[in-house]
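For what it's worth, my numbering labels the leading residue of the sequence shown as 4, then goes sequentially.
For glycine and all other residues, C-beta sits at the position ideal for the given N, C-alpha and C.
Report on the structure given below.
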Amino acid sequence: MEYKKFNQELHDLCDPPAREAVTDWVAMKWGLQAKPNPDKYGVDLIVYRKGQVCGYIEVETRDWGPKPSGFLTFRCPYDTIHIAQRKEKLFTNPGTLIFVTTRDFENAYWCKAEDVKSSPLIEVPNRAVKRHEYFYDVPIELFQYITLNLPF
Numbered sequence: 004m005e006y007k008k009f010n011q012e013l014h015d016l017c018d019p020p021a022r023e024a025v026t027d028w029v030a031m032k033w034g035l036q037a038k039p040n041p042d043k044y045g046v047d048l049i050v051y052r053k054g055q056v057c058g059y060i061e062v063e064t065r066d067w068g069p070k071p072s073g074f075l076t077f078r079c080p081y082d083t084i085h086i087a088q089r090k091e092k093l094f095t096n097p098g099t100l101i102f103v104t105t106r107d108f109e110n111a112y113w114c115k116a117e118d119v120k121s122s123p124l125i126e127v128p129n130r131a132v133k134r135h136e137y138f139y140d141v142p143i144e145l146f147q148y149i150t151l152n153l154p155f
């Protein structure tokens with residue numbers, strides 16, 4: 004099994020705005036406070052209700068690429084969303100959610116980590132790792148599609 008190497012530049016470009024968008028949405032829609040996890044190797048966000056931990060959120064960003072017309076698509080064009088098996092160590096806490104944001108950080112899909120873990124593992128060759136990297140092949144129906152835009 005092989006894993007994608009960590010890319011600090013890509014992380015810095017995507018993670019902070021994606022986490023901020025999800026944090027704002029969680030506060031606006033669910034009335035909960037999401038804070039960055041101080042453990043940089045742990046799940047991205049810890050969620051609090053009235054000062055008590057009530058859940059966890061792992062955030063990813065996707066660029067599903069241009070449509071034939073040249074415009075970027077901000078909805079998943081596939082029947083499944085791939086979640087890297089290497090992230091399964093982050094799904095051990097009960098109440099963990101996975102958010103997959105679009106590159107513009109205005110839309111996202113979310114699902115429960117337990118739904119990810121119950122999905123089949125498949126090998127997916129990709130730009131970063133040509134072979135032997137496995138992903139959970141999660142049906143799009145298990146995700147909720149949301150708009151992260153704030154109303155103001």
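For residue i, three-class secondary structure by DSSP
i	result
L3	One cannot answer for residue 3 here, as it falls past the ends of the chain, which runs 4 to 155.
F94	helix
D140	strand
V56	strand
R78	coil
D27	helix
P41	coil
Best match in the options for proximity to residue i [C-alpha to C-alpha]
i	options	result
Q147	S121, Y137, A87, Y112	Y112
I84	T99, V56, P123, E109	P123
K92	A116, R106, E109	A116
Y137	R106, Q88, T95	Q88
T64	K53, C79, Y51	C79
V29	P41, C57, Y44	C57
Y81	D140, L151, N152, N96	D140
E126	C114, R106, M31, I86	I86
I60	V103, R106, L48	L48
D118	H135, T104, P97	P97
F108	N152, E144, C114	N152
Which residues DSSP lists as bridging residue i, in chain order
i	result
V103	E63, Y112
Q36	Y51
E126	Y137
T150	N110
T83	P142
Check: residue i C-beta below 7 Å from any heavy atom of the ligand ZN
i	result
Q88	In the structure on display, the ligand ZN does not appear, and there are no ligands present to speak of.
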